[in-house]
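>
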Amino acid sequence: MFRPQPFFSALVVESDPAVASRLNSVLGVLAPGRCVVLVPTREEADAMLDTLSFDLVFVDMQLYPIGDGASLIADVRAMQPRARIIALSDTDDRDLALSAFASGATGYLLSEAEDAEIAYALRALTSGGAVLDPRVARHVVAMFAETLAEPIRTSDFHADGAFRKLELRSLTPAIPEGTRHGLPG
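When you line the sequence shown up against this note's numbering, it's residues 49 to 233, in that order.
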């Protein structure tokens with residue numbers, strides 16, 4: 049098994065004790081002897097970030113009872129710009145993932161990620177990459193495809209409007225008229 053040593057200290061901000069404990073165990077196996085700090089709230093995370101430096105930060109996107117993972121990610125990015133930040137969530141919601149990346153996260157994993165997926169994420173981050181859970185990637189790719197298709201739909205809409213205005217059913221009758229006015233045929 050790959051044993052990365054990508055960090056000296058990690059902060060895990062996770063409101064679910066079972067997820068936090070599991071991450072602590074996984075990080076202990078992947079990088080024995082490293083400092084791993086577990087905190088369940090935004091307030092405790094702020095206190096730790098004010099006093100310690102972290103190379104790796106895991107942030108629960110749905111912090112309870114109060115807090116918001118995206119704003120914590122933005123604060124970590126501002127306070128510790130070299131930190132690698134992985135957003136954690138129990139949902140594959142596209143908008144939540146996009147808010148994590150917009151706030152400065154370098155990765156997004158589902159809380160239920162397998163140990164091997166976490167190891168892969170750390171390896172990717174160590175080599176300068178970013179991490180996106182495959183279930184979330186599916187939504188993001190669909191969004192990109194939708195965005196890329198928009199100009200085609202827009203140009204089709206405008207062409208249809210021009211055809212109606214010129215009382216044409218297709219482009220064929222317009223070609224001789226356009227050629228007569230100097231447009232390429």
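Glycine included, each C-beta is placed from N, C-alpha and C at the ideal position.
Can you tell me the Cα-Cα spacing of residue 155 and residue 167, whole angstroms?
Residue 155 and residue 167: Cα-Cα distance of roughly 13 Å.
> List, from N- to C-terminal side, the beta strand (DSSP E) runs of 3 residues or more that fit wholly inside the stretch 106-152.
For the stretch 106-152, whole beta strand (DSSP E) runs of length 3 or above, ordered along the chain, are 132-137.
> Could you check what DSSP says for residue 159 in three-state terms: helix, strand or coil?
Residue 159: coil per DSSP, three-state reduction.
> In whole angstroms, what is the alpha-carbon distance linking residue 162 and residue 131?
Approximately 23 Å, taken between the alpha carbons.
> Is the beta carbon of residue 179 closer than 7 Å to that of residue 169?
For residue 169 and residue 179, yes; Cβs fall inside 7 Å.
> Rounded to whole angstroms, what's the CA-CA distance from residue 123 to residue 72? Just pull it up for me.
Approximately 23 Å between the Cα atoms of the pair.
> Given that a residue counts as buried once 16 or more other Cβ atoms are within 10 Å of its Cβ, and exposed if not, what is residue 175?
Result: exposed.
> Name, in chain order, the residues that DSSP records as bridge partners for residue 58.
DSSP lists 84 and 104 as partners of residue 58.
> Could you check if residue 56 is buried or exposed, using at least 16 other CB atoms within 10 Å of its CB as the buried criterion?
That one is exposed.
> Name the residue from 193, 190, 173 and 188 whose alpha carbon lies nearest to the alpha carbon of residue 153.
The residue with the shortest Cα to Cα distance from residue 153 is 173.
> Measuring alpha carbon to alpha carbon, tell me which residue in 89, 81 and 79 is nearest residue 117.
The residue with the shortest Cα to Cα distance from residue 117 is 89.
> In chain order, what residues of the same chain have a beta carbon less than 7 Å from the beta carbon of residue 183, not counting five sequence neighbours either side?
These residues qualify, in order along the chain: 140 and 158.
> CA-CA distance, residue 68 and residue 193?
Computed Cα separation, rounded: 35 Å.
> Hey, would you say residue 75 sits closer than 7 Å to residue 87, going by beta carbons?
Cβ distance not < 7 Å, so residue 75 and residue 87 don't count as in contact.
> The alpha helix (DSSP H) with residue 176 in it runs from where to where?
That residue, residue 176, is in no alpha helix (DSSP H); it is neither H nor E in DSSP.
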